[in-house]
Structure formats: C-alpha cells, structure tokens
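Contents: one structure, followed by commentary.
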Amino acid sequence: MIRKRVLAEGLVQGVFFRDSCRRVACRHAVRGWVRNLPDGRVEAVFEGDPEGVAQLVSWARTGPTGARVDNLEVHEEPAEGFDAFTIR
Numbered sequence: 767m768i769r770k771r772v773l774a775e776g777l778v779q780g781v782f783f784r785d786s787c788r789r790v791a792c793r794h795a796v797r798g799w800v801r802n803l804p805d806g807r808v809e810a811v812f813e814g815d816p817e818g819v820a821q822l823v824s825w826a827r828t829g830p831t832g833a834r835v836d837n838l839e840v841h842e843e844p845a846e847g848f849d850a851f852t853i854r
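Be aware that the sequence shown starts at 767, since it is given in the working numbering, and climbs by one per residue.
Below, the structure is given as structure tokens:
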C-alpha cells in the first residue's frame, strides 16, 4: 500500500471536483479523503495499491469536466490505512 497527498490549484472548487474524486477513488479501490482549502485549492490523500493511486493522481491532473488544474503538487507519505474514501 502506498499513499500520496495532492494539492490541486486552478479552477478546482465549485466544479464537483471532490464528488468526482470520490467516485473515481471508489472505482479504483483507493481510500483516503478530499477537501476544499480556504485558499481555493483542493487537497486529497490517496491510499491503496500503486496502480490505483497512480490512476487517481493522473485523474487529478485534469479533474472533472469544467475544472482547470493549473498545478498539481504530489507528495509521498507513509500510509495510515484508511478504510474508505471520504469528502471532508
């Protein structure tokens, strides 16, 4: 199991980024969470097998229809072992 924290910058709030992220995560058996930040970015943590997490990171580079991701920071972190994917 691996864990990646991502910070998406651009037009990422008000475009169903979090809900779409949750649905994609469930499809790939990835656990973790996603939330809006006060500065307009979206932060997410993805945990799971390397292939599933890679799929989520790739998805986050463009986000859902209507989003515009100008920059995506990706950080590797130690896994905590979440048992679901939630919107915070």
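The beta-carbon is built from N, C-alpha and C at its ideal position, and this holds for glycine as well.
Can you tell me whether R827 is helix, strand or coil according to DSSP? coil
Would you call the CB atoms of A850 and R769 closer than 7 Å? no
Rounded separation between E843 and R771 - CA only: 7 Å
Are the segment 828 to 836 and the segment 794 to 804 in contact at 8 Å, needing three or more beta carbon pairs? no
Find the nearest neighbour of E803 within the set H841, R834, R784, D836, judged by alpha-carbon distance. First, the residue type needs correcting, since residue 803 is Leu and not Glu in the sequence shown. L803 has its Cα closest to that of R784, out of H841, R834, R784, D836.
Beta-carbon within less than 8 Å of D815's beta-carbon, same chain only, minus the 5 sequence neighbours each way: which residues are those? M767, I768, A795
Measuring straight from C-alpha to C-alpha, what distance separates E817 and E809? 20 Å
How close, in whole Å, do the beta carbons of R854 and R789 come, if the pair is a contact with beta carbons under 8 Å? So it is not a contact: roughly 16 Å between Cβ atoms.
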